[in-house]
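Chemist: Mind having a look at this structure? Questions to follow.
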Amino acid sequence: MDFTSFLTSLTTSFLIFVVLMLVFAWLSRKPGNAVIYYPNRILKGLDPLEGSGSRSPFAWIREALNSTEADVISLSGVDTAVYFVFLTSALAILVLSGLMLLPLLLPVAATEHVKATTDTTSNGTFNNLDKLSMGNIEEKSPRLWVYLIGTYWVSFVTFYILWKAYKHVSELRAAALMSPEVKPEQFAVLVRDIPQVHGGQSRKEQIDSYFRTIHSETFYRSLVVTDNKEANKIWEELEGYRKKLARAEAVFAASKTLGTPEGTRPTNGVGFLGLIGKKVDTIDYCNEKINELIPKLESKQKTTIREKQQAAAIVFFNNRLAAASAAQAVHAQMPDSWTVTEAPEPRQIIWSNLTIKFYERKIRQSIVYVVVALTIFFYMIPIGLISAFTTLENLERLLPFLKPIVELNVIKTVLEAYLPQIALIVFLALLPKFLMMLSKAEGIPSVAHAVRATSGKYFYFTVLNVFIGVTVGGTLFSTFKDIEKHPNTIITVLGTGLPANATFFLTFVALQFFVGYGLELSRLVPLIIYHLKRKYLCKSEAEVKEAWAPGDFGYATTVPNDMLIITVVLCYSVIAPIIIPFGVVYFGIGWLVLRNQALKVYVPSYESYGRMWPHMHSRILAALIIYQITMLGYFGLKKFPFTVLLIPLIILSFLFTYICSKKFYRSFEATPLEVAYREVKEIPNLESIFRSFIPPSLRSEKFDDGDQFEDALSQFSRTGSSI
Numbered sequence: 002m003d004f005t006s007f008l009t010s011l012t013t014s015f016l017i018f019v020v021l022m023l024v025f026a027w028l029s030r031k032p033g034n035a036v037i038y039y040p041n042r043i044l045k046g047l048d049p050l051e052g053s054g055s056r057s058p059f060a061w062i063r064e065a066l067n068s069t070e071a072d073v074i075s076l077s078g079v080d081t082a083v084y085f086v087f088l089t090s091a092l093a094i095l096v097l098s099g100l101m102l103l104p105l106l107l108p109v110a111a112t113e114h115v116k117a118t119t120d121t122t123s124n125g126t127f128n129n130l131d132k133l134s135m136g137n138i139e140e141k142s143p144r145l146w147v148y149l150i151g152t153y154w155v156s157f158v159t160f161y162i163l164w165k166a167y168k169h170v171s172e173l174r175a176a177a178l179m180s181p182e183v184k185p186e187q188f189a190v191l192v193r194d195i196p197q198v199h200g201g202q203s204r205k206e207q208i209d210s211y212f213r214t215i216h217s218e219t220f221y222r223s224l225v226v227t228d229n230k231e232a233n234k235i236w237e238e239l240e241g242y243r244k245k246l247a248r249a250e251a252v253f254a255a256s257k258t259l260g261t262p263e264g265t266r267p268t269n270g271v272g273f274l275g276l277i278g279k280k281v282d283t284i285d286y287c288n289e290k291i292n293e294l295i296p297k298l299e300s301k302q303k304t305t306i307r308e309k310q311q312a313a314a315i316v317f318f319n320n321r322l323a324a325a326s327a328a329q330a331v332h333a334q335m336p337d338s339w340t341v342t343e344a345p346e347p348r349q350i351i352w353s354n355l356t357i358k359f360y361e362r363k364i365r366q367s368i369v370y371v372v373v374a375l376t377i378f379f380y381m382i383p384i385g386l387i388s389a390f391t392t393l394e395n396l397e398r399l400l401p402f403l404k405p406i407v408e409l410n411v412i413k414t415v416l417e418a419y420l421p422q423i424a425l426i427v428f429l430a431l432l433p434k435f436l437m438m439l440s441k442a443e444g445i446p447s448v449a450h451a452v453r454a455t456s457g458k459y460f461y462f463t464v465l466n467v468f469i470g471v472t473v474g475g476t477l478f479s480t481f482k483d484i485e486k487h488p489n490t491i492i493t494v495l496g497t498g499l500p501a502n503a504t505f506f507l508t509f510v511a512l513q514f515f516v517g518y519g520l521e522l523s524r525l526v527p528l529i530i531y532h533l534k535r536k537y538l539c540k541s542e543a544e545v546k547e548a549w550a551p552g553d554f555g556y557a558t559t560v561p562n563d564m565l566i567i568t569v570v571l572c573y574s575v576i577a578p579i580i581i582p583f584g585v586v587y588f589g590i591g592w593l594v595l596r597n598q599a600l601k602v603y604v605p606s607y608e609s610y611g612r613m614w615p616h617m618h619s620r621i622l623a624a625l626i627i628y629q630i631t632m633l634g635y636f637g638l639k640k641f642p643f644t645v646l647l648i649p650l651i652i653l654s655f656l657f658t659y660i661c662s663k664k665f666y667r668s669f670e671a672t673p674l675e676v677a678y679r680e681v682k683e684i685p686n687l688e689s690i691f692r693s694f695i696p697p698s699l700r701s702e703k704f705d706d707g708d709q710f711e712d713a714l715s716q717f718s719r720t721g722s723s724i
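For the sequence shown, position 466 (counting from the first letter as 1) is numbered 467 according to our numbering, and the numbering increases by one without interruption.
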């Protein structure tokens, strides 16, 4: 990429961001768009457009900067606040690193005089920035000492920031768990791997007697997990008819205002998708189906609760301390029976995974790891091809008939500025759902846990395929003939190719923060989809609300993308320090834009009280170790005699990771008892806590009658101990 293409990419990306920001300022003032730009505030009962008449286009920046961590927690939860700790930590690492590296390393590289060779940073096409990189330093030069010091500086800055951040997040988590507010999951534990029932007991009697004997004073009751497939099917069908009825009634009411006073009752076919077959009155038909399905569902609920009990349960205690103690205790001699862990929030339980046995979970996990490894490996092939085909030099070499076209100045500038980065971003967008499916297949019991697992897989995928794949793939394709003639030069070729890809990653990072965050702020895609749905598809209020439902941050992909950026910037921070300001702008703009979205847009779908942080912390350290290994190899290629001094730094990173894990992780894995013993504000309604865990397909108004749902209400068993 030449300097003109680089400036074109940077300038146009910045202009796109400015335009999108102005579009956001204009569209967000219109009351009809409030549900797109302020859904979080609307759902919290706040006025979304308060003071909007005098708002400047940049008012959102002031509001984001003035917001506090308490504001984020109150409006978007602890998990979101912890995500901002991550963004702040990444920003602090890069700022502190840049304060030393930029004024120290850039002059050292710029004042080095070397002969022009073919293995400079960008193979002679980007000389203005080549001279500011480590690639401009001669082999065995004493100036490499400065780069060695810089490598140590970045590492120690990272250690310092991460240690402070871990302490802060630990305090945030503890404060949230000590809250006097009643949280149902704090009074419950999840029990899996329950052994076979003996002595003529039912599954529920077995569980009740077991826990009543061990926790005689604190055990409240249990909810046995059941096989709900058939009940779920009927319940989903029933809910479908209820939505259809609401839509039909809304259409009928609208027809009275637009047509005759009597209105026109909607009709539909009884065949495929309601489009074919005999025409019937939709309102009458839906009412008939609902009345038919309700007793059918109640009958299936009764059968499910009594006859389809599984080897898993939610067990409830009368106080938080008892539940936390039970979750941390070993209940059985063998690890594959009576496995007790903290219960997830009711809304994030993956019910179908609760009954998967201990050894089956281990086997599934191993299989998933193999599948992920194969996916990473085979995805590296198309990623490498993208790296090869989307650089003009390789494109002309592999497809020579395109040379007359790509050599045109306008086309050449646009292709070099955007093609490789856009191709890579689009290609990566295909992966997250597949990784989420694999994570759930492991037998993970909660959505939050599945998101963390998906995020981890996606992180390693992006690092191995994007960072390493692009670097290695682009270099191998561009120097394949040289390697073929001289195979023993492959290490040297790859080493010199590392800084050669610095310009690719500069534009990749710029595209991510300018265009990516510009689209995030303006929310043009959700806005267009909402207005199209509202005009052509939505008839009832429920459908309108569903059309503008904002969702959450999507940590499964957001965090790995941020991790990729910090990995890239760290790895190039010493080799090409000019990338540091790009990383600072990425996390700085990201903090501002996402702060606005957290306060006004996104609504969390779950709360794990910062359980994502150890994942974030360990991945930043993984990025740091990758950076240190990269520098070890690059110093070796520069034939620096003191390269071995980097080995203790790598060992220190592993030691720091171990110390952090031992000091902090346990309080994230389980709730500390000194936190759990704090009293709640009011006496908890244990019955309400229990009912919050009942799956939607088993809920009924008849719970209060206490007839056929006695088993679901988990009355105490009168049988003896089964221990």
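Positions of the beta carbon are idealized from the N, C-alpha and C atoms, including for glycine.
With a Cβ-Cβ cutoff of 8 Å, do VAL341 and ALA327 count as a contact?
Modeler: The residue you call residue 341 lines up with position 340 of the sequence shown. The residue you call residue 327 lines up with position 326 of the sequence shown. Yes, these two residues count as a Cβ contact at 8 Å.
Chemist: Who are the near neighbours of ALA111 in its chain, counting only those whose CB is closer than 8 Å to its CB and skipping five residues on each side?
Modeler: For the purposes of this step, residue 111 is identified with residue 110 of the sequence shown, where counting begins at 1. Taken in chain order, the residues that qualify are LYS132, LEU133 and ASN137.
Chemist: Select from LYS682, GLU64, ASN686 and ARG692 the residue whose C-alpha is nearest the C-alpha of GLU182.
Modeler: To locate residue 182, count along the sequence shown from 1; it is residue 181. Checked all of LYS682, GLU64, ASN686 and ARG692; the closest Cα to GLU182 is LYS682.
Chemist: Is GLU443 buried or exposed, if buried means 16 or more other CB atoms sit within 10 Å of its CB?
Modeler: Translated into positions along the sequence shown, residue 443 becomes position 442. That one is buried.
Chemist: Rank TYR167, ARG248 and LYS458 by C-alpha distance to the C-alpha of GLU547 and give the top, closest one.
Modeler: Locating residue 547 in the sequence shown gives position 546, counting from the first residue. Comparing Cα positions, the closest option is ARG248.
Chemist: Restricting to Cα atoms, I'd like to know which of SER338, LEU633, LEU191 and MET564 is closest to ARG222.
Modeler: Taking the first residue of the sequence shown as position 1, residue 222 is located at position 221. Checking every option, the nearest Cα to that of ARG222 belongs to LEU191.
Chemist: Against chain C, does VAL526 count as a neighbour if the rule is that its beta carbon must be under 8 Å from one of theirs?
Modeler: Here there is only one protein chain, and chain C is not present.
Chemist: Here's the rule I'm using: 16 or more other beta-carbon atoms within 10 Å means buried, otherwise exposed. How should ALA557 be labelled?
Modeler: In the sequence shown, residue 557 corresponds to position 556, counting from 1. Looking at its Cβ environment, which holds 16 or more other Cβ atoms inside 10 Å, ALA557 is buried.
Chemist: Looking at the unbroken alpha helix (DSSP H) that takes in LEU224, where does it start and where does it end?
Modeler: If you number the sequence shown from 1, residue 224 lands on position 223. Note, LEU224: premise wrong, no alpha helix (DSSP H); beta strand (DSSP E) at 220-227.
Chemist: Which residues share a DSSP beta bridge with GLU608?
Modeler: To locate residue 608, count along the sequence shown from 1; it is residue 607. In the DSSP output, where bridge partners are listed per residue, GLU608 has none listed.
Chemist: Can you say whether HIS616 is buried or exposed, counting buried as having 16 or more other CB atoms within 10 angstroms of its CB?
Modeler: Numbered from its first residue, the sequence shown carries residue 616 at position 615. Classification for HIS616: buried.
Chemist: The ligand PLP and LEU23: does any heavy atom of the ligand fall closer than 7 Å to the residue's C-beta?
Modeler: Looking for the ligand PLP in the displayed structure turns up nothing, as the structure carries no ligands at all.
Chemist: I need the DSSP call for VAL86, collapsed to helix, strand or coil.
Modeler: Position 85 of the sequence shown, counting from 1, holds the residue named residue 86. Helix at VAL86.
Chemist: Any idea if LYS363 is buried or exposed, counting beta-carbon neighbours within 10 angstroms, 16 or more meaning buried?
Modeler: Your numbering for residue 363 matches position 362 in the sequence shown. That one is exposed.
Chemist: Roughly how many angstroms lie between the CA atoms of THR227 and THR455, to the nearest whole one?
Modeler: The residue given as residue 227 occupies position 226 in the sequence shown. The residue given as residue 455 occupies position 454 in the sequence shown. So the two alpha carbons sit approximately 27 Å from each other.
Chemist: Could you have a look at LEU538 and say whether DSSP puts it in helix, strand or coil?
Modeler: Numbered from its first residue, the sequence shown carries residue 538 at position 537. Of the three classes helix, strand and coil, the one that applies to LEU538 here is coil, per DSSP.
Chemist: Rounding to the nearest angstrom, what Cα-Cα distance links VAL24 and GLU186 in this structure?
Modeler: Taking the sequence shown and counting its residues from 1, the one referred to as residue 24 is at position 23. Taking the sequence shown and counting its residues from 1, the one referred to as residue 186 is at position 185. If you take the alpha carbons of VAL24 and GLU186, they lie about 42 Å apart.
Chemist: Please list the terminal residues of the continuous beta strand (DSSP E) segment that includes LEU191.
Modeler: On the sequence shown, position 190 is the one that residue 191 refers to. Run containing LEU191: 189-193, per the beta strand (DSSP E) assignment.
Chemist: Which residues in the same chain have their Cβ closer than 7 Å to the Cβ of SER68, if we skip the five residues on either side of it in sequence?
Modeler: Taking the first residue of the sequence shown as 1, we reach residue 68 at position 67. Closer than 7 Å at Cβ, skipping near neighbours: ARG596 and LEU600.
Chemist: What's the call for GLU237, buried or exposed, on a 16-neighbour Cβ count within 10 Å?
Modeler: The residue you call residue 237 lines up with position 236 of the sequence shown. Answer is exposed; the Cβ neighbour count stays below 16.
Chemist: With which residues is SER447 paired in a DSSP beta bridge?
Modeler: For the purposes of this step, residue 447 is identified with residue 446 of the sequence shown, where counting begins at 1. Answer is ILE350.
Chemist: Given 8 Å as the limit, is there contact between the stretch 560-568 and the stretch 620-630, that is, 3 or more CB pairs closer than that?
Modeler: Yes, the stretch 560-568 touches the stretch 620-630.
Chemist: Check each candidate in TRP592, LEU512 and ILE684 and name the one with the smallest Cα separation from THR89.
Modeler: In the sequence shown, counting from the first residue as 1, residue 89 sits at position 88. Residue TRP592 is the option with its Cα nearest to THR89.
Chemist: Can you check whether the CB of LYS458 is closer than 8 Å to the CB of VAL447?
Modeler: Here residue 447 refers to the residue found at position 446 when the sequence shown is read from its first residue. Here residue 458 refers to the residue found at position 457 when the sequence shown is read from its first residue. It should be noted that the sequence gives Ser, not Val, for residue 447. Not a contact, by the Cβ cut-off of 8 Å.
Chemist: When the Cα of GLN197 is compared with those of PHE188, TYR211 and ARG243, which residue comes out closest?
Modeler: Your numbering for residue 197 matches position 196 in the sequence shown. When only C-alpha atoms are compared, the closest one is TYR211.
Chemist: Pick out whichever of ILE235, VAL252 and LYS244 has its Cα sitting closest to the Cα of GLU293.
Modeler: Along the sequence shown, read from residue 1 onward, the residue named residue 293 stands at position 292. If we check each option's Cα against that of GLU293, ILE235 comes out closest.
Chemist: Give me the Cβ distance between PHE188 and ARG321, rounded to the nearest whole Å; I'm assuming they're in contact under 8 Å.
Modeler: Looking up residue 188 in the sequence shown gives position 187. Looking up residue 321 in the sequence shown gives position 320. Their Cβ separation, rounded to whole angstroms, is 6 Å, which keeps PHE188 and ARG321 in contact under 8 Å.
Chemist: Please confirm if the stretch 526-533 is in contact with the stretch 572-589, defined as three or more CB-CB distances below 8 Å between the two stretches.
Modeler: Output reads no: the stretch 572-589 does not touch the stretch 526-533.
Chemist: So, for LEU102: in the same chain, excluding its five sequence neighbours on each side, which residues have a beta-carbon less than 8 Å away from its beta-carbon?
Modeler: Here residue 102 corresponds to residue number 101 of the sequence shown, with the count starting at 1. Excluding sequence neighbours, LEU102 sits near GLY151, TRP154, VAL155, SER574, VAL575, PRO578 and ILE581.
Chemist: Put GLU547 into one of helix, strand or coil per three-state DSSP.
Modeler: Along the sequence shown, one-based indexing puts residue 547 at 546. In the structure shown, GLU547 sits in a helix (DSSP, three-state: H, G or I).
Chemist: Which residues bound the alpha helix (DSSP H) around GLY270?
Modeler: The sequence position of residue 270 within the sequence shown is 269, counting from 1. Note, GLY270: premise wrong, no alpha helix (DSSP H); beta strand (DSSP E) at 268-270.
Chemist: CYS287 and LYS245 - do their beta-carbons sit closer together than 8 Å?
Modeler: The residue you call residue 245 lines up with position 244 of the sequence shown. The residue you call residue 287 lines up with position 286 of the sequence shown. Against a cut-off of 8 Å, the Cβ pair of CYS287 and LYS245 comes out as a contact.
Chemist: Anyone know if the C-beta pair for VAL570 and LEU95 falls short of 8 Å?
Modeler: For this step, residue 570 is matched to residue 569 along the sequence shown. For this step, residue 95 is matched to residue 94 along the sequence shown. Contact: yes.
Chemist: Does the beta-carbon distance from ALA60 to VAL73 come in below 8 Å?
Modeler: Counting from one through the sequence shown, the residue named residue 60 turns up at place 59. Counting from one through the sequence shown, the residue named residue 73 turns up at place 72. Against a cut-off of 8 Å, the Cβ pair of VAL73 and ALA60 comes out as no contact.
Chemist: Identify whether GLN629 lies in helix, strand or coil by the three-state DSSP scheme.
Modeler: Taking the sequence shown and counting its residues from 1, the one referred to as residue 629 is at position 628. Helix, per DSSP.
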